[in-house]
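Engineer: One structure, as structure tokens, below. Some questions next.
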Amino acid sequence: MSTFKRNTSKHGLSTEIVHSKSLGGQDFAALPVPVYRGSSTFFENTAAQRAPVDPLGLDYSYGLHGNPTQYTLAKRLAEIEGATHALVCPSGLTGIVLVAQACLRTGDHWLIPENVYGPVQALARSLHLDFGIEFSEYDPCNAETVLSAIRSNTKLIWTEAPGSLTFEVPDLKSILATAKAHGIRTGIDNTWSAGIAYKPFEHGFDFSVQALTKYQCGHADVLMGAVLSNNTAAFSDVERKNRILGLCVSPSDCSLVLRGLLTLPLRYTQQAESGLLVAKALKQHAAIEQVLHPEFSECPGHAFYKRDFNGFASIFSVVLNAEMTDAQACKIVDSLKLFKIAYSWGGPESLALVVNVPDSRKRRLAGSDGKCGPILRLAIGLEEPADLISDLMQAIDGAI
Ligand SMILES: Cc1ncc(COP(=O)(O)O)c(C=O)c1O
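The opening position of the sequence shown corresponds to residue 1 in our numbering, with each subsequent residue numbered one higher.
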């Protein structure tokens, strides 16, 4: 029950309601970070309102440009990954777009790996067509192809570790050394490691992008991304682009991700261990040619993974035998009872997809006969691994 003092103000009711002195909960302390809402952000006086914009975007000037819920999330993400600067943005893909647009001008060139998250290839093609920004792809399994692809106008080297769908781990140390020697900015899509299993700033990256949609959210109910950096000049370019584009994330969504962070290490590790059990069981099945998981020694770049990472995610792919058809692969996925057919990963439910990998990349995976069957991608959730394994086994056995 609450007892309040009677209001004795002389103002009219509408004025009283708008100018109420009863602001929300300053002396209320609890674990959750409050959801701060507000488009108009009040200034103390005109001098504060006219002060120059903070290039790192940490002032309160307008709701679009940040509020305490968003800044707290950004700060906690920076603490996890060892960054000095961070911003949150509407999706993981937006984070990559922001880095590319902040670093590249017409006539510049950037490098992306062949096994990059698909929409980044689409982004590179679009930046080329619309703005004359050149790009080329390098072989993530051969760091020397980075060196040979560098041009005098190369301004950004993008990496992803491991690569999407096929999970090859690049030699990040050597790529970074090449980039530093040429004064080129570097960025990594570090979503797979959730900022836990790989620390990009200890190795010298300029940017890390996280799709918070995956493990940080952890409950498959938020789309969000983050750009992190400890290069102040590089980060302020991203922050400026973020403001120009008018991007903003909902404080309610930030509060869901803040809640997700509290259980992030537990979920990440548990899902990873479950995923590895499932991957090991699948390896034994005669219908499966190869399991693409960085923990396995046959995974391309396994030695780099062992050198640079201290953990792994719960997403991996499975290459079926060359005799298996696309129809059989679809039958496997359609017969699964516990796995949902869906994009994304990092949530409580396990997901499965038949994925399209270009032939050029498939050839790298293929056995000595040069053949390789359809590929399934599995993202393992929080279910019992034994249940997932028997579900997969019944689906594969039923399809062969
Ligand atoms: C490796 C990787 N990076 C980035 C993204 C983009 O994340 P979002 O869906 O939040 O845009 C995804 C999404 O699946 C992804 O797999």
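Yeah, the Cβ is synthetic: ideal placement off N, Cα and C, and Gly gets one too.
Ignoring anything shorter than 4 residues or poking outside the stretch 172-207, list the alpha helix (DSSP H) runs there in chain order.
Structural biologist: Qualifying alpha helix (DSSP H) stretches, in chain order: 172-181 and 200-203.
Engineer: I'd like to know whether the C-beta atoms of residue 149 and residue 127 end up nearer to each other than 9 Å.
Structural biologist: Counting from 1 along the sequence shown, the entry for residue 149 is found at position 149. Counting from 1 along the sequence shown, the entry for residue 127 is found at position 127. No, these two residues do not count as a Cβ contact at 9 Å.
Engineer: For a test of your reading of the model: does the CB of residue 211 fall under 8 Å from any non-hydrogen atom of ligand 1? Yes or no.
Structural biologist: Translated into the one-based positions of the sequence shown, residue 211 becomes position 211. The answer is yes for residue 211.
Engineer: Please name the residue or residues paired with residue 316 in a DSSP beta bridge.
Structural biologist: Translated into positions along the sequence shown, residue 316 becomes position 316. Answer is 378.
Engineer: Compute the Euclidean distance between the alpha carbons of residue 147 and residue 178, then round it to the nearest angstrom.
Structural biologist: For the purposes of this step, residue 147 is identified with residue 147 of the sequence shown, where counting begins at 1. For the purposes of this step, residue 178 is identified with residue 178 of the sequence shown, where counting begins at 1. Going by the C-alpha atoms only, they are around 6 Å apart.
Engineer: Does the distance between the C-beta of residue 79 and the nearest non-hydrogen atom of ligand 1 fall short of 8 Å?
Structural biologist: For the purposes of this step, residue 79 is taken as the residue at position 79 of the sequence shown. Flag unset: Cβ of residue 79 not near ligand 1.
Engineer: Would you please state the rounded distance, in angstroms, between the beta carbons of residue 76 and residue 228? I believe it to be under 8 Å.
Structural biologist: For this step, residue 76 is matched to residue 76 along the sequence shown. For this step, residue 228 is matched to residue 228 along the sequence shown. That pair is no contact at about 11 Å.
Engineer: State the DSSP-derived secondary structure class of residue 135, mapped to helix, strand or coil.
Structural biologist: Stepping through the sequence shown from its first residue, residue 135 is reached at position 135. Strand at residue 135.
Engineer: Under the rule that 16 or more other beta-carbon atoms within 10 Å means buried, what is residue 310, buried or exposed?
Structural biologist: Looking up residue 310 in the sequence shown gives position 310. Per the 10 Å Cβ criterion, exposed.
Engineer: Let me know the alpha helix (DSSP H) ranges lying completely inside the stretch 245-307, each 4 residues or longer, listed in chain order.
Structural biologist: Fully enclosed alpha helix (DSSP H) runs of 4 or longer: 251-262 and 264-283.
Engineer: Leaving aside the five residues before and after residue 360 along the sequence, list all residues of the same chain whose C-beta is less than 8 Å from its C-beta, in chain order.
Structural biologist: The residue labelled residue 360 in the question sits at position 360 within the sequence shown. Same-chain partners within the cutoff: 114.
Engineer: CB of residue 170 to nearest heavy atom of ligand 1: below 8 Å?
Structural biologist: Working through the sequence shown from its first residue, we reach residue 170 at position 170. Not under cutoff, so the answer is no.
Engineer: Measuring only the C-alpha atoms, how far is residue 378 from residue 54?
Structural biologist: The residue given as residue 378 occupies position 378 in the sequence shown. The residue given as residue 54 occupies position 54 in the sequence shown. A direct Cα-to-Cα measurement between residue 378 and residue 54 gives close to 43 Å.
Engineer: Below 7 Å CB to CB, which residues in the same chain sit around residue 271 once its five sequence neighbours on both sides are set aside?
Structural biologist: Start at 1 with the first residue of the sequence shown, and residue 271 comes out as number 271. Closer than 7 Å at Cβ, skipping near neighbours: 314, 380, 381 and 382.
Engineer: Measuring CB atoms only, is the stretch 382-397 touching the stretch 197-214, in the sense that at least three cross pairs come out at less than 8 Å?
Structural biologist: no
Engineer: Assess, as a yes-or-no matter, whether the stretch 239-255 is touched by the stretch 346-365 under the definition of 3 or more beta carbon pairs within less than 8 Å.
Structural biologist: no
Engineer: Excluding five sequence neighbours on each side, which residues of the same chain lie with their C-beta closer than 8 Å to the C-beta of residue 138?
Structural biologist: In the sequence shown, residue 138 corresponds to position 138, counting from 1. Here the set comprises 111, 112, 113, 114, 145, 146 and 149.
Engineer: Which one of 15, 119 and 324 has the shortest CA to CA distance from residue 371?
Structural biologist: Position 371 of the sequence shown holds residue 371. Measuring from the Cα of residue 371, the nearest candidate turns out to be 324.
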